[in-house]
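Quick note, the sequence shown lines up with residues 3 to 350 if you use the working numbering.
Heads up, the beta-carbon is just placed ideally off N, CA and C, and yes, glycines get one too.
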Amino acid sequence: MRLWLSVCVLGVACSDSAGPAKPVVPGRMQVQISGSVHANAEWQGFGQLRDVLASDSGDLSLLRGENLQPATADSQINVIVPARLELGQLTIGRYVVGVPVTGPVAYVVIDTLFFASVSGTITVDSAGYPGRPGLTPGVLRGTVSFRAVQLIAGPTGPVETGDTISVHATFAAHWYHYLFPNVKVTLGGGPVVGSSQFSTGLESEDGHGGRSVSWESDFGPSHGFPHDISQELRILAPSVGTVAVSALTPGQYFDVAQWPAVYTALFYRDDPRLGLSTGGTLTITSVLAPTEEFYGEIRGTLTSPLALWTNPTTLSGDTVTANVTFDVQVWPLGGIPATALRRAGRRP
3 MRLWLSVCVL GVACSDSAGP AKPVVPGRMQ VQISGSVHAN AEWQGFGQLR DVLASDSGDL
63 SLLRGENLQP ATADSQINVI VPARLELGQL TIGRYVVGVP VTGPVAYVVI DTLFFASVSG
123 TITVDSAGYP GRPGLTPGVL RGTVSFRAVQ LIAGPTGPVE TGDTISVHAT FAAHWYHYLF
183 PNVKVTLGGG PVVGSSQFST GLESEDGHGG RSVSWESDFG PSHGFPHDIS QELRILAPSV
243 GTVAVSALTP GQYFDVAQWP AVYTALFYRD DPRLGLSTGG TLTITSVLAP TEEFYGEIRG
303 TLTSPLALWT NPTTLSGDTV TANVTFDVQV WPLGGIPATA LRRAGRRP
C-alpha cells in the first residue's frame, strides 16, 4: 500500500525560504524541499501501523501527508518502515523500485517526476499510539530528512538522472493502529501438504447465531488469488477453553438447521472435493470483545482430521489432518477501519 505526502503542485506557490520554525499541530506536517524542486508548506500528516498479531515479523509503518488544497497535478511522498515506529532514530536507505523493502525507505512523486530516496533519517520524538488498536488515532511526532534522486523509465527499468532533491519534514501525524491476522496452517494428506507460506484470515458472524473464523493459505513461494486452500471454523459461542470438533457430512453442512456448535470445512482451489471434519479439538486461548471504536481478538489452535467428499453422498477415501494456529482480529463494532474512516470523511 502506498501512503502519500503531496509536496508541490502546479498552481500552488512554493518557495526556497524555510522561514521561522512553527509548531506543528496534530494532523499536520511542515514540509521543505530544495534542489531541482522547491517547496515550503504545511500539509496534512497521517499514517498507520499495520500490526501483525502475536508477532513482530511483518509489521509495517506507513507515514504520509497531503496538501491541504490539492491542485490538478499529483505530487506526493511515501515513507515506509517495515517495523513498528518507536522513539528514536532510524536510517533511511536507497529505495529500489520492484525490490521488497527490508529497511526504511522513501520516495517522492511530483507531478510526472519520480524521486527515490538515497539516504537520510527518520526520528520519532513522541510515539503517541492510541491506547488500543481501532478507529481512534494517536499522534506520532518527529522529523524525516532524506536526499532523493530522480528516476526515469529506461529500456530495462528505472534509470537515475542527475537531478536530486533534499526533503525535510516535521510531522505531528494522526497515527492509526490497525491489526492484521497471524495464521499458520499445516496439512497432512490430500492434494496439498506441508506448512503454509502465506495466510490471511478474518472473523465474522456466521449468520445463524454463531461466529466464523476463516483463513486462506498458499503453500508455495508464489501468492495470488484465489489461494491454494480456504478453511472455515464455525464456533457457536467462542470462549476460552478446549472443546471437541464435531464430525460433519455434506447433508449437515448444506442444512444450517443441522450445524453442530463446532465444525471445520476445507476447500481446495485445484481440487473440487469438499473436506469436512470427522473430529478433533479446538483450544481457544484468548477472546477479546470489540467495542464501537476498538478491535477485538480471538486466538487459539485447531487440530482436526477431515474426510474428502467427492459429492454429497460419496466419500473419496482420502483424509486430511489440519493443524492450525490462529490469531485473528475482530472488527470494531463501528465498522472495518478504512471503510468507517472514509464514511466519516477521514483518510488514514
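N-terminal and C-terminal residue of the alpha helix (DSSP H) that residue i is part of
| i | result |
| --- | --- |
| Pro252 | 252 to 255 |
Start-to-end residues for the beta strand (DSSP E) that takes in residue i
| i | result |
| --- | --- |
| Phe227 | Per DSSP, Phe227 belongs to no beta strand (DSSP E) and is neither H nor E. |
| Gln50 | 41 to 54 |
| Ala118 | 115 to 130 |
| Tyr109 | 107 to 112 |
| Gly277 | 276 to 279 |
| Gly222 | Neither: Gly222 is in no beta strand (DSSP E) and is coded neither H nor E. |
| Val83 | 77 to 83 |
Closest Cα partner of residue i within the set the options
| i | options | result |
| --- | --- | --- |
| Pro252 | Thr244, Trp261, Gly156, Val245 | Trp261 |
| Leu189 | Val326, Ala340, Val33, Tyr180 | Val326 |
| Trp217 | Thr266, Ile338, His179 | Thr266 |
| Val151 | Ser119, Thr158, Arg134 | Ser119 |
| Pro274 | Val264, Val194, Val332 | Val194 |
| Gly212 | Gly67, Leu238, Val330, Gly222 | Leu238 |
| Thr202 | Leu317, Gly67, Gln331 | Gln331 |
| Phe148 | Glu295, Thr166, Val141 | Thr166 |
| Pro25 | Gln254, Gly243, Thr172 | Thr172 |
| Ile82 | Arg66, Ala249, Gly281 | Arg66 |
| Gln254 | Asp113, Ser318, Leu278 | Leu278 |
| Asp257 | Leu204, His225, Thr287, Pro314 | Pro314 |
| Asp127 | Gly133, Asp113, Arg143 | Arg143 |
| Pro139 | Leu317, Glu295, Asp329 | Glu295 |
| Asp113 | Gln78, Val242, Ile338, Pro106 | Gln78 |
| Gly209 | Ala259, Pro334, Asp329, Thr285 | Ala259 |
| Gly319 | Gly191, Arg96, Val110, Asp61 | Gly191 |
Bridge partner(s) assigned by DSSP for residue i
| i | result |
| --- | --- |
| Glu234 | Ser216, Ala267 |
| Asp165 | DSSP lists no partner for Asp165. |
| Val326 | Val187, Leu304 |
| Arg149 | Ser121, Ser168 |
| Glu205 | Val215 |
| Glu299 | Leu290, Gln331 |
| Ser197 | Thr188 |
| Thr244 | Thr285 |
| Thr104 | Paired residues: none, contrary to the question. |
| Ala155 | Pro160 |
Coil, strand or helix - residue i by DSSP
| i | result |
| --- | --- |
| Pro160 | strand |
| Val258 | helix |
| Ala249 | coil |
| Ala291 | coil |
| Ile338 | coil |
| Gly136 | strand |
| Gln331 | strand |
| Tyr178 | strand |
| Arg2 | Because residue 2 is not part of the residues shown, which for the chain are 3 to 350, the question remains open. |
| Thr93 | strand |
| Arg143 | strand |
| Gly29 | coil |
| Thr315 | coil |
| Ser36 | strand |
| Leu284 | strand |
| Asp273 | coil |
| Leu87 | coil |
| Ala309 | strand |
| Asp320 | strand |
Presumed contact (8 angstroms Cβ cut-off) between residue i and residue j, rounded CB distance
| i | j | result |
| --- | --- | --- |
| Leu378 | Ala324 | As displayed, the chain neither begins before 3 nor continues past 350, which places residue 378 out of reach and without an answer. |
| Lys186 | Ser168 | So it is not a contact: roughly 44 angstroms between Cβ atoms. |
| Ile300 | Phe269 | 21 angstroms between Cβ atoms; not a contact. |
| Ser63 | Leu87 | 4 angstroms |
| Pro135 | His179 | 4 angstroms |
| Thr244 | Thr283 | 6 angstroms |
| Ser38 | Asn184 | Contact doesn't hold; Cβ gap of about 43 angstroms is too wide. |
| Arg236 | Ser214 | 6 angstroms |
Residue i CB to nearest heavy atom of the ligand PLP below 7 angstroms
| i | result |
| --- | --- |
| Thr244 | Here there are no bound small molecules, and the ligand PLP is not part of this structure. |
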